[in-house]
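Residue numbers (the working numbering), protein chains in the order written: chain A, 1 to 84; chain B, 101 to 184.
In this text, a Cβ means the ideal position worked out from N, Cα and C, and glycines have one as well.
Values in this document were obtained by computation on a predicted structure and should not be read as measured data.
2 protein chains.
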Amino acid sequence: MDFLTVLGLAAATLTTIAFLPQMFKTWQTKSAKDVSFVMLITFISGVFLWLIYGIYLKALPIILANSITLLFNLIILWLKIKYR
Amino acid sequence: MDFLTVLGLAAATLTTIAFLPQMFKTWQTKSAKDVSFVMLITFISGVFLWLIYGIYLKALPIILANSITLLFNLIILWLKIKYR
Numbered sequence: 001m002d003f004l005t006v007l008g009l010a011a012a013t014l015t016t017i018a019f020l021p022q023m024f025k026t027w028q029t030k031s032a033k034d035v036s037f038v039m040l041i042t043f044i045s046g047v048f049l050w051l052i053y054g055i056y057l058k059a060l061p062i063i064l065a066n067s068i069t070l071l072f073n074l075i076i077l078w079l080k081i082k083y084r
Numbered sequence: 101m102d103f104l105t106v107l108g109l110a111a112a113t114l115t116t117i118a119f120l121p122q123m124f125k126t127w128q129t130k131s132a133k134d135v136s137f138v139m140l141i142t143f144i145s146g147v148f149l150w151l152i153y154g155i156y157l158k159a160l161p162i163i164l165a166n167s168i169t170l171l172f173n174l175i176i177l178w179l180k181i182k183y184r
C-alpha cells in the first residue's frame with residue numbers, strides 16, 4: 001500500500017470513529033442540548049450525498065466510511081430527540 | 101459540470117457548512133458540555149490528515165472543504181475550552 005492510500009485510510013478512519021465518543025457521551029449523560037440540531041441534519045444530509053457519490057463511483061472506501069458515519073450520526077440524532 | 105461533480109460539490113458543501121450552526125449555538129449559549137472533547141480531537145486530527153491528503157493530490161476541492169471544516173472545528177474546540 002502506498003503512502004497516499006495509508007494517509008487516506010487513516011483520515012477516513014479518524015473522521016468516522018470520531019462520532020463514537022459523542023454517541024457514548026450522549027448515551028451516558030442522557031443530554032445533547034448543546035449539540036446543534038441544524039448541524040446534525042445538515043451533516044447527515046451531506047454524508048448521505050457522499051454515500052450516493054461513493055455508490056456511483058463504486059468506491060468501497062467512500063461507501064464504507066460514509067455508511068458508518070451516517071449510522072453513528074443517525075444514532076446521535078435519535079438520542080438527541082429521545083433525551084430532549 | 102456533470103452530475104457526479106455536482107453531487108460531490110453538494111456533499112462537500114453540506115458536510116462543511118454543517119459546523120456553522122454548531123459554532124453559533126456554542127457562541128450564543130456559551131456552553132458545549134454535551135459536545136464530546138474526544139470527538140472534537142479525533143475529528144480535527146482526521147480532517148487535518150484529509151487536508152494533507154488533498155495537498156498531496158493537489159485536489160483543490162479536498163483542500164478547500166477540509167481547510168474550512170478544520171477552521172470551524174478548531175473554533176468549536178476553542179469555544180468548548182473557553183466556556184468549560
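Exercise for the section: Could you have a look at K80 of chain A and say whether DSSP puts it in helix, strand or coil? Expected result: Numbered from 1 along the first sequence, position 80 holds the residue referred to as residue 80 of chain A. DSSP places K80 of chain A in helix when its eight states are reduced to three.
Exercise for the section: Counting only the same chain and skipping the five closest in sequence on each side, list residues whose C-beta sits under 8 Å from that of L174 of chain B. Expected result: Here residue 174 of chain B corresponds to residue number 74 of the second sequence, with the count starting at 1. The answer, listed in chain order, is I144.
Exercise for the section: With a threshold of 6 Å, establish whether the CB of T42 of chain A neighbours any heavy atom of the ligand NAP. Expected result: For the structure depicted, the ligand NAP is absent and the ligand set is empty, with no information on it obtainable.
Practice task
Could you list the residues in the stretch 108-128 of chain B with a C-beta less than 9 Å from some C-beta on chain A, going in chain order?
Solution key: The residues in question are G108, A110, A111, A112, T113, L114, T115, T116, I117, A118, F119, L120, P121, Q122, M123, F124, K125 and T126.
Practice task
Take G154 of chain B and list the residues in its own chain whose beta-carbon comes closer than 7 Å to its own, dropping the five residues that flank it on each side.
Solution key: Here residue 154 of chain B refers to the residue found at position 54 when the second sequence is read from its first residue. Within the same chain, G154 of chain B has close Cβ partners I162, I163 and N166.
Problem - Touch test, the stretch 32-52 of chain A against the stretch 109-118 of chain B, Cβ-Cβ under 8 Å, three pairs minimum - result: yes
Handout entry: Own chain partners of Q22 of chain A with C-beta closer than 7 Å, once the 5 adjacent residues on each side are dropped
Key = Sequence index remark: in the first sequence, residue 22 of chain A carries index 22 (1-based). Cβ neighbours of Q22 of chain A beyond the five flanking positions: I76.
Exercise for the section: Compute the distance between the beta-carbons of V147 of chain B and L171 of chain B, then report whether it is under 7 Å. Expected result: Stepping through the second sequence from its first residue, residue 147 of chain B is reached at position 47. Stepping through the second sequence from its first residue, residue 171 of chain B is reached at position 71. Not in contact: V147 of chain B and L171 of chain B (Cβ atoms no closer than 7 Å).
Practice task
Step through the CB atoms of chain B and report whether any lies within less than 7 Å of the CB of T5 of chain A.
Solution key: Sequence index remark: in the first sequence, residue 5 of chain A carries index 5 (1-based). Chain B contact via Cβ: absent.
Practice task
Compare the C-beta of T42 of chain A against all C-beta atoms of chain B and say whether one is closer than 7 Å.
Solution key: Numbered from 1 along the first sequence, position 42 holds the residue referred to as residue 42 of chain A. It does: the Cβ of T42 of chain A has a partner Cβ on chain B nearer than 7 Å.
Handout entry: Neighbour-count burial assignment, S182 of chain B, 16 or more Cβ in a 10 Å radius
Key = Within the second sequence, residue 182 of chain B is the residue found at index 82, counting from 1. Just to set this straight, residue 182 of chain B is Lys in the shown sequence, not Ser. An exposed status is given to K182 of chain B, since fewer than 16 other beta-carbon atoms sit within 10 Å of its beta-carbon.
Exercise for the section: Establish whether the CB of D2 of chain A and some CB of chain B are separated by less than 7 Å. Expected result: Numbered from its first residue, the first sequence carries residue 2 of chain A at position 2. No, D2 of chain A lies away from the interface with chain B (no Cβ there is under 7 Å from its Cβ).
Practice task
Apply the 10 Å Cβ neighbour rule to K158 of chain B and answer buried if 16 or more other Cβ atoms are within range, or exposed otherwise.
Solution key: By 1-based counting over the second sequence, the position of residue 158 of chain B is 58. Exposed, because fewer than 16 other Cβ atoms sit within 10 Å of the Cβ of K158 of chain B.
Exercise for the section: Could you name the residues of chain B that I63 of chain A contacts, counting a contact when the two beta carbons are closer than 8 Å? Expected result: Reading the first sequence from its first residue, position 63 is the one you call residue 63 of chain A. Those do not exist, as I63 of chain A stays about 13 Å from chain B at its closest Cβ, beyond 8 Å.
Practice task
Kindly indicate which residue of A:T5, A:L4, A:F3 and A:K25 has the alpha-carbon position closest to the one of V138 of chain B.
Solution key: On the second sequence, residue 138 of chain B is found 38 positions in, with the first residue counted as 1. That would be A:K25, whose Cα lies nearest to the Cα of V138 of chain B.
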